[in-house]
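Under the working numbering, the residue at position 291 of the sequence shown is numbered 305, and the numbers go up by one with no gaps. C-beta: ideal position from N, C-alpha, C; glycine also. All figures in this text were calculated on a predicted structure; none of them were measured in a lab. Contents: one structure, followed by commentary.
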Amino acid sequence: MAPTHATPPHPETAGAVVAEPAPVLEARSVSKRFPGVVALDDVSFALRAGEVHALVGENGAGKSTLIKVLTGVYQSDGGEVRVGGEPVRFARPFEAQQAGISTIYQEVNLVPLMSVARNIFLGREPKNRFGLIDFPRMNRETTELLDGFGVRVDPKRPLHTLGIGTQQMVALARAVSVQAQVVIMDEPTSSLEPREVETLFRVIENLRGQDIAVLYVSHRMDELYRICDRVTVLRDGCHIHTGELAPLERMQLVSMMLGRDMAEVRRDGLTGFAAVGHDAARTPVLTATGLDRRHHLHDISVELYAGEVLGLGGLLGSGRSETAKALTGALSLDGGEITVDGKRIGRPTPAAAIRAGISMLPEDRKAEGIVPGLSVRENIVLAAMPRLSRAGIVSRAKQDRIVDIFMKRLRIKASSPEQKVGELSGGNQQKVLLARWLCLEPKVLLLDEPTGASTSAPRPRCSPSSTNSPAKGSPCC
15 MAPTHATPPH PETAGAVVAE PAPVLEARSV SKRFPGVVAL DDVSFALRAG EVHALVGENG
75 AGKSTLIKVL TGVYQSDGGE VRVGGEPVRF ARPFEAQQAG ISTIYQEVNL VPLMSVARNI
135 FLGREPKNRF GLIDFPRMNR ETTELLDGFG VRVDPKRPLH TLGIGTQQMV ALARAVSVQA
195 QVVIMDEPTS SLEPREVETL FRVIENLRGQ DIAVLYVSHR MDELYRICDR VTVLRDGCHI
255 HTGELAPLER MQLVSMMLGR DMAEVRRDGL TGFAAVGHDA ARTPVLTATG LDRRHHLHDI
315 SVELYAGEVL GLGGLLGSGR SETAKALTGA LSLDGGEITV DGKRIGRPTP AAAIRAGISM
375 LPEDRKAEGI VPGLSVRENI VLAAMPRLSR AGIVSRAKQD RIVDIFMKRL RIKASSPEQK
435 VGELSGGNQQ KVLLARWLCL EPKVLLLDEP TGASTSAPRP RCSPSSTNSP AKGSPCC
């Protein structure tokens, strides 16, 4: 065999250091302020081509604000955003999309009354030779695109007729189809079934193989450690850490997010609930027997005891949310009986359920919970107004006292109680909604997907000193 000879380095390149390619997306010392609140304070991070980068932090840490600055929803008050090494300043999200940045939000951000195909190709519809929308081609390409996501659906079907999980997959298909260089995913699995989650992970691996960068926001640790390469931690609007994810212990990551040392996190654990045993002599606070609603529920029975946290599980469409809505009177029943403390609720309605002591934190806080145009104070006291009024006059002093208690207890981050709740982060909106129902001192508190907008560490932490915690006897389902 002939000897091999190494090619000598070119004189101009000998000893030269190959420059690392510029990040596909970068934030440099970005700051963002709202009245009374510093949402981002000198935050820097970089996203590389072909990596899946986790963005984590508590509620109110600044994750949503950073995403909105990167995508043109907000403009920063300081620092700069760079795409491919070049400074940019997006005035609106469409400009970010044109620059190759797609975003999938936790709440599906599409047009409900439009067809699946129109949503996917909105703003870039294929045209025929007459300059009109080529619907056959658009529907055909939609079907081919969704096949890659394991979604079988009529492309002409209105989006609002699909389940939330399927709508989320349509949003993902749209984001991928625009030839993006960066895909930002904000809690993408919150509404997906396990099968759909696996499909999503396959899509992410495919994106990685195409050198597309993914910024992945989630509070689900198993997902992060399975698919993410690096992680950036935010806390109280500040950049805390960026680095490889695999070497970090989970407790280390939680410690960074909370600002508490690992020993304290390990000592306190991630819950404050103790197991509650059932005494044969005890009677349930809530009893539901034979709940029936055509196409939704069939012969559902539930018993819930004081001090108990009862889990209600099942796949999407299995009747979890419908059961909770039936218990609160939001879903009318064809049959069955509900009692609280042995007293039967004659005709279950939301008002009757509240009077009986049943409150519920709904799954979709925007559609069924918060009133975005009202203040934090007004949202918290909304359900308690009858209790705060005397002879038709509402006591503002009582309102302020209750709101102050719950803003401190739940650590709601707002510039003041008068800030519009629609301006808060998703996690803080969830806390406002929780405060609304806790201030009623319910006998039973129903929580439907309560951590959809939350971090891995429960907020608020429940303890014997917390009003309405299981330790004080208010059961949760």
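Look up residue i in the DSSP assignment and say whether it is helix, strand or coil.
{"i": "A428", "result": "coil"}
{"i": "R308", "result": "coil"}
{"i": "G162", "result": "coil"}
{"i": "L127", "result": "coil"}
{"i": "I147", "result": "strand"}
{"i": "A53", "result": "strand"}
{"i": "Y319", "result": "coil"}
{"i": "F104", "result": "coil"}
{"i": "I314", "result": "strand"}
{"i": "A467", "result": "Unreliable placement is indicated for A467, whose pLDDT of 48 sits below 50; the coordinate value is still reported in the next sentence. Coil, per DSSP."}
{"i": "H233", "result": "coil"}
{"i": "L447", "result": "helix"}
{"i": "G436", "result": "helix"}
{"i": "G333", "result": "coil"}
{"i": "V122", "result": "coil"}
{"i": "S346", "result": "coil"}
{"i": "G179", "result": "helix"}
{"i": "V38", "result": "coil"}
{"i": "P400", "result": "helix"}
{"i": "G356", "result": "coil"}
Leaving out five residues before and five after residue i in sequence, what residues of the same chain have Cβ atoms less than 6 Å from its Cβ?
{"i": "R188", "result": "I134"}
{"i": "D462", "result": "S335, A338, P376 and E377"}
{"i": "A63", "result": "V38, D225 and A227"}
{"i": "R264", "result": "M235"}
{"i": "P362", "result": "G343 and I352"}
{"i": "S373", "result": "W451, L454, P456 and L459"}
{"i": "G513", "result": "The shown model of the chain, from 15 to 491, leaves out residue 513, and the question about it has no answer."}
{"i": "F48", "result": "none"}
{"i": "P126", "result": "L173 and H174"}
{"i": "P169", "result": "V130, A131, N153, T156 and T157"}
{"i": "P464", "result": "L375"}
Roughly how many angstroms separate the alpha carbons of residue i and residue j, rounded to a whole number?
{"i": "L492", "j": "M183", "result": "Residue 492 is absent from the model: the chain starts at 15 and stops at 491."}
{"i": "M270", "j": "I368", "result": "40 Å"}
{"i": "D275", "j": "Q120", "result": "30 Å"}
{"i": "A131", "j": "G333", "result": "29 Å"}
{"i": "L61", "j": "T256", "result": "11 Å"}
{"i": "E493", "j": "D243", "result": "Here the chain comprises residues numbered 15 to 491, so residue 493 is not present and cannot be evaluated."}
{"i": "H309", "j": "T157", "result": "29 Å"}
{"i": "M421", "j": "K427", "result": "8 Å"}
{"i": "S205", "j": "R103", "result": "32 Å"}
{"i": "A398", "j": "V417", "result": "11 Å"}
{"i": "G74", "j": "G99", "result": "29 Å"}
{"i": "T297", "j": "R404", "result": "35 Å"}
{"i": "A266", "j": "L259", "result": "Ala is not the amino acid found at residue 266; the sequence shown has Gln there. Distance between the alpha carbons of Q266 and L259 is about 10 Å."}
{"i": "S429", "j": "L229", "result": "28 Å"}
{"i": "L80", "j": "L402", "result": "39 Å"}
{"i": "H253", "j": "G50", "result": "20 Å"}
If you compare alpha carbons, which of the options is closest to residue i?
{"i": "Q413", "options": "S389, S429 and R425", "result": "S389"}
{"i": "P101", "options": "V268, R42, L326 and L80", "result": "R42"}
{"i": "A340", "options": "T303, G327, L324 and I254", "result": "T303"}
{"i": "S45", "options": "P169, L259 and G92", "result": "G92"}
{"i": "R216", "options": "Q181, V66, I81 and L124", "result": "V66"}
{"i": "G350", "options": "H312, L326, A68 and K357", "result": "H312"}
{"i": "E210", "options": "V245, I241, G164 and L221", "result": "G164"}
{"i": "K357", "options": "A370, L345 and S346", "result": "A370"}
{"i": "T301", "options": "R307, Q89 and I359", "result": "I359"}
{"i": "L305", "options": "E201, L324, G325 and S346", "result": "S346"}
{"i": "L424", "options": "P35, P261, I254 and K445", "result": "K445"}
{"i": "G273", "options": "P261, R249, L262 and H253", "result": "R249"}
{"i": "E201", "options": "R410, S78, G50 and K380", "result": "S78"}
{"i": "K380", "options": "G440, Q111 and P431", "result": "G440"}
{"i": "Q111", "options": "G325, S191, L80 and P169", "result": "S191"}
{"i": "D97", "options": "V70, A68 and A36", "result": "As written in the sequence, residue 97 is Val, which differs from the Asp given in the question. Cα-wise, what sits closest to V97 is A36."}
Which same chain residues, not among the five before or five after residue i, have their C-beta less than 7 Å away from its C-beta?
{"i": "E237", "result": "T203"}
{"i": "V299", "result": "L318, Y319, A320, V354, D355, K457, V458 and P489"}
{"i": "L160", "result": "V167 and A187"}
{"i": "Q443", "result": "R379, I384 and V435"}
Using beta carbons (cut-off 8 Å, strictly below), is residue i in contact with chain D?
{"i": "S204", "result": "Going by chain labels, chain D is absent from the structure shown, which holds only one protein chain."}
Only counting the same chain, and skipping five residues up and downstream in sequence, which positions put a Cβ closer than 8 Å to that of residue i?
{"i": "I147", "result": "E139, P140 and K141"}
{"i": "R171", "result": "S129 and V130"}
Measuring from the CB of residue i, is there a heavy atom of the ligand ATP at a distance below 7 Å?
{"i": "V130", "result": "Because no ligand of any kind appears in the structure shown, any question about the ligand ATP cannot be addressed here."}
The stretch 137–145 / the stretch 194–206 touching (three or more Cβ pairs under 8 Å): At 8 Å Cβ cutoff, the stretches do not touch.
The stretch 419–436 touching the stretch 378–386, judged by at least three CB pairs closer than 8 Å: Touching, per the Cβ criterion.
Cβ contact (3+ pairs, closer than 8 Å) linking the stretch 448–459 and the stretch 390–401: Verdict: yes, contact present.
Cβ contact (3+ pairs, closer than 8 Å) linking the stretch 107–115 and the stretch 162–177: Judged by Cβ distances under 8 Å, the stretch 107–115 makes no contact with the stretch 162–177, as fewer than three pairs qualify.
Sufficient close CB pairs (3 or more, under 8 Å) joining the stretch 78–86 to the stretch 103–111: Cβ pair count under 8 Å is three or more, so yes.
Given 8 Å, three or more beta-carbon pairs between the stretch 359–368 and the stretch 314–321: No, the stretch 359–368 is not in contact with the stretch 314–321.
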